[in-house]
Amino acid sequence: MAIGRRQYPFDLIEPKWQAVWERQQTFRAWNPGENIPVGHPFAQRHPEPGLPPKYYVLDMFPYPSGAGLHVGHPEGYTATDILARYRRATGFNVLHPMGWDAFGLPAEQYAIKTGQHPRQTTEANIATFKRQIQALGFSYDWSREVDTTDPEYFKWSQWIFLRLYQSWFNPATNRAESIETLVLPADCVTEEQQRAYRDARRLAYVANAPVNWCPELGTVLSNEEVIDGKSEVGGFPVVRKPMQQWMLRITAYAERLLNDLDGIDWSHSLKEMQRNWIGRSEGAEVEFRVAGADLGITVFTTRPDTLFGATYMVLSPEHRFVEQLTTPAQQAAVREYQRHAAGKSDLERTELAKDKTGVFTGASAVNPVNGELIPIWIADYVLATYGTGAIMAVPAHDERDLEFARKFNLPIRLVVQAPGGGDATGFVGDGVSVNSGFLDGLTTPEAKKAITAWLQEKGVGRRTINYKLRDWLFSRQRYWGEPFPIVWKRDATGALYHEALPDSALPVLPPKLDDYKPTPDGQPPLARARDWVAVSEGVTRETNTMPQWAGSCWYYLRYQDARNPAAMVDPAAEQYWMGTGVAGATPGVDLYVGGAEHAVLHLLYARFWHKVLFDLGHVSTCEPFYKLVNQGLILGEDGQKMSKSRGNVVNPDVVLDAYGADAFRLYEMFMGPLEMVKPWNTQGVEGVYRFLGRAWRLFVDEDSETAFEQGLTTGTASGAELLEQVRLSAAIQDVPGTPEQLKTLHACIKKVTEDLDGMRFNTAISALMVFVNEAISWEVKPRGILRDFLTLLQPFSPHLAEELFSKLAAGDPGSPATLAYVPWPKYDAARLVETTVEIAVQVNGKLRDRLVVPVDLPAAELEAAALASDKVKPFIEGKTIKKIIVVPKKLVNIAVA
RNA sequence: GCGCGAGUGGUGAAAUGGCAGACACGCCAGACUUAGGAUCUGGUCCCGUAAGGGGUGGAGGUUCAAGUCCUCUCUCGCGCACCA
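Numbering of the first sequence is given in the numbering used here, commencing with residue 60 and proceeding in unit increments.
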């Protein structure tokens, strides 16, 4: 070891207590109706019938990668573990689980390379992760461990998919309902028509739409998984390609996903990210007739008040009417432009964003408000996937339109006057309408209302709300994911249609394969398993699999009843842990901690599934995660993001070897506020490690420790045996604390308690340090005070706290076998009262003296004492005193002229 | 470009509008020691021998009093990004 003498024998203490906790099942969480063994420390703490209030504290479960744990993982885990332990001590029934988000690309890519089944890779990686996580002494209830790749788990992922498939969103009730409640229109008579009508409305549906195809990964990706035109995983190019895919109708929930943010305790920035992603915008749809054709083009605009300023119209190159309305003379140019736009990846489109391109179609549209003919163009600055894929261009009051109009010499007509006057070209704010007929003189909000009413009356437009949020592309061309519980059949006309498998067919297991690559003709790997695909004559299985998000969308529900073979979660367990029907209980998960990288993807998807399950009566709250906190990234020692290529990755195993789990946990929390980005510093670990050493020395007898050290080197007895022989310091005595000692203790209790409630772990730890710094110099150390200190230390550094607690309790048969359920001490305000207090004396806000006075000194006397101070006098002599401010117990400020 | 955060010692950071820098790291000095990269004691924002002065990215403002509140501005980080 390169760090000199060990501060205390953490290498013996930590495995010892981890073994005790495992043997004792110390951290089992209990469900309603469960039998709690009388000997269990929970039963001893809570002898009364019924369960105490719940506290559900959740970590974002990890993807068990081959690289093992990273120091970033335990940051959030330590924070939640501290709170879990704190809540147990304050009397809650704590649910604190862990599991594995184990489907995913790396195991599959490894399988493609080596032929090793992803199951094997996954199991090995889980074993590594579990070993590393357990070495940190987290108080997880491992009996509830989940693994998304376990058939007993993904059975229920598939089951939830079937609920989505069997439901539609009823706009009248604003919620999901069984597809059976969907009223078929009278003209839907044949079986095929009825099926088509239903299939077009299910929450899980098949669409033939342009998707993000990643040739390198051999799969499609959701919009969320594409960053700057490249795959989020691997950074490979992504192109748009029309394909038949499963979609989930998350857009139906846009409004609720947005509104329900108001009722949950998430950070402002996180809510903003979700709001931006949902992207609600209010505006109007306006229909423009195409001149000389029986065709209407609907545009979406947030500025209907500028309709008089529309001087041309733009369709996205993919718009379905482009073909029909293009004049023969323009056909070649339009086709060429479409071909060019289609060949561009999203990346190229954004890269070329600076320079607008487009082509005239030759056709014109009629502006409904004034009958004016305006040219119709196509341009790729208009997105096919947003709004209606078509816009009315108002170059005078839209930057993009202005740029385009200037490039192609299109007219610019001012219709809004800027409040400050001057040239309003390019002015996009609110002003007053001009050159706009009946809108003239109206302010922008008034004009919007007036024109919308006019459009509605004429039947050529209406008020609408548009969302950026797209439906969720839910299928992947992968092996290592949940197969869909769906088969394909042919109807009387020979057309393919899909059908759900019954719940009894679940789980649908993936087939065995020798080769995990997609088929040569581009089919998903599952298509290689011919026997698996062919269910019976004319019935074939769906060969896509679900995305990795599926398993993580609901795992927090499974933890509540992880081994239930008959249901996703038992309703009584679900209601208990989600706090339903209990006054004062938090609705949903009490605290969810994880990285900000999941701010939109996972959290939006999980909220969506939860709402569907809520509508269908399977869960009892409308939101899953009541309070959510993002832990900040831990950077390398060089202040850069940790990465293999930079060589600045800190391996937790190495830190644990050198300093132990308690020091590691403590350091991760001592670095700074949880949410903040902060660099790792190994010397900082030594600081907290030394603190733990001081805490150890506060308790143990020096001579017996020296004997222990010598025993270890001679090696005649085992380390565990020798550890038992370390005695408590003789200074620890059964005496009441002095007022001074009690003040030190109660100040520490107060600070640690308040800081834990506010999740200020770093300052809580500093309070513990202050206590030890004080107590180490006490000649007599009252046992009761040290015992209370250990209950405060326990959440942070549980192994050392348990070891010292067991020594403190040795010979006391009534003492609990673990600190985990020992009640959290309450501070006594009476112990904190001071008899004297130091008062700052300021002159004009500048500190001139400090006076020690009795706390209850009346303000007038305090004022007199301040004025009498020798240090103050020179600053007030010969000056007029304007005012004297006296803040009791704090300061006196003398304002002089 | 838009949205959201954050700027405090050599470093990580503390501070209900009330004594800026708690608690640590590092550094300096000392004690103990065969030894110290262990431990203990003291010191450590800057200028100044001191008295004193200056100081929380910058400029204003409110206040008896501002790191904290308000206005403008700069820098960095994160997110979104032709979203009509």
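Even glycine gets a Cβ: it sits at the ideal position worked out from N, Cα and C. Here the structure is a predicted model, which is why all the values come from computation and not from measurement.
Note down the Cα distance separating residue i from residue j, rounded to an integer number of angstroms.
i      : j      : result
Tyr169 : Asp206 : 19 Å
Gly488 : Glu377 : 30 Å
Leu555 : Gln253 : 15 Å
Leu280 : Ser290 : 8 Å
Val896 : Leu910 : 8 Å
Trp608 : Leu317 : 20 Å
Lys941 : Ala888 : 38 Å
Val292 : Val475 : 46 Å
Glu167 : Trp539 : 6 Å
Lys24  : Leu891 : Residue 24 falls outside the range modelled here, since the chain spans only 60 to 956, and no answer is possible.
Val358 : Arg398 : 23 Å
Arg549 : Glu251 : 10 Å
Val345 : Asp674 : 34 Å
Met119 : Gln83  : 26 Å
Gly695 : Trp305 : 41 Å
Glu239 : Ile545 : 18 Å
Phe830 : Asp929 : 36 Å
Trp513 : Val598 : 54 Å
Gln217 : Gly610 : 9 Å
Indicate the three-state DSSP secondary structure (helix, strand or coil) for residue i in the structure shown.
i      : result
Ala126 : coil
Pro427 : coil
Arg756 : helix
Arg472 : coil
Leu532 : strand
Ser495 : coil
Gly421 : strand
Ala559 : strand
Pro841 : strand
Met332 : helix
Thr416 : coil
Thr773 : helix
Trp436 : strand
Ala789 : coil
State the beta-bridge partners of residue i as determined by DSSP.
i      : result
Leu896 : Strictly speaking, residue 896 in this sequence is Val, with Leu absent from that position. Note: Val896 sits in a beta bridge opposite Val912.
Gly355 : Arg348
Ile940 : Val955
Arg705 : Its beta-bridge partners do not exist; DSSP assigns none.
Tyr651 : Leu117, Leu687
His805 : According to DSSP, His805 bridges with nothing at all.
Asp206 : Trp159
Thr599 : Trp547, Ala593
Ser326 : None, per the DSSP bridge assignment.
Gly520 : Val345
Met728 : The partner list for Met728 (beta bridge, DSSP) is empty, contrary to what the question assumes.
Arg261 : Trp227
Cys273 : Thr278
Lys700 : Leu694
Phe303 : Residue identity check: residue 303 is Gln in the sequence provided, not Phe. Looking at the DSSP assignment, Gln303 forms a beta bridge with Asn267.
Ser444 : The identity of residue 444 in the sequence shown is Thr, whereas the question assumes Ser. Bridge partners of Thr444: none, in fact.
Lys905 : Val902
Tyr371 : Ala452
To the nearest whole angstrom, what separates the beta carbons of residue i and residue j, a pair I think is in contact under 8 Å?
i      : j      : result
His669 : Val659 : About 16 Å separates the two Cβ atoms, so there is no contact after all.
Leu110 : Trp89  : 6 Å
Ala148 : Thr850 : 6 Å
Arg472 : Gly322 : Between Gly322 and Arg472 the Cβ distance is about 45 Å, and since that is not below 8 Å, they are no contact.
Ala655 : Pro683 : Going by Cβ atoms, the distance from Ala655 to Pro683 rounds to 18 Å, so no, they are not a contact pair.
Inset, instruction - Would you check if the region 446-456 and the region 470-485 touch, i.e. whether three or more CB-CB distances between them fall below 8 Å? - result: A contact is defined here as three or more CB-CB pairs under 8 Å, and the region 470-485 meets this definition with respect to the region 446-456.
Inset, instruction - Give a yes or no on contact between the region 67-77 and the region 768-783, applying the rule of three or more CB pairs nearer than 8 Å. - result: The answer is yes - the region 768-783 touches the region 67-77, with three or more Cβ pairs under 8 Å.
Legend entry - Meets three-Cβ-pair contact criterion under 8 Å: the region 830-838 and the region 870-883: Segments in contact, no.
Inset, instruction - Could you say if the region 96-108 and the region 784-799 meet the contact criterion of at least three C-beta pairs nearer than 8 Å? - result: Contact fails between the region 96-108 and the region 784-799, because fewer than three Cβ pairs, one in each stretch, are under 8 Å apart.
Legend entry - Validate contact between the region 561-580 and the region 628-638 using beta carbons, cut 8 Å, 3 pairs: The answer is no - the region 628-638 does not touch the region 561-580, with fewer than three Cβ pairs under 8 Å.
Legend entry - Cβ contact check for the region 191-203 and the region 599-606: 3 or more pairs under 8 Å: Contact fails: fewer than three Cβ-Cβ distances are below 8 Å.
Inset, instruction - Kindly confirm or deny that the region 339-354 and the region 512-530 touch, where touching means at least three C-beta pairs closer than 8 Å. - result: Touching, per the Cβ criterion.
Inset, instruction - Count the C-beta pairs between the region 714-730 and the region 739-757 that are closer than 8 Å, then say yes if the count reaches three, no if not. - result: For the pair of segments examined, the region 714-730 was found to touch the region 739-757: the number of CB pairs separated by less than 8 Å reaches three.
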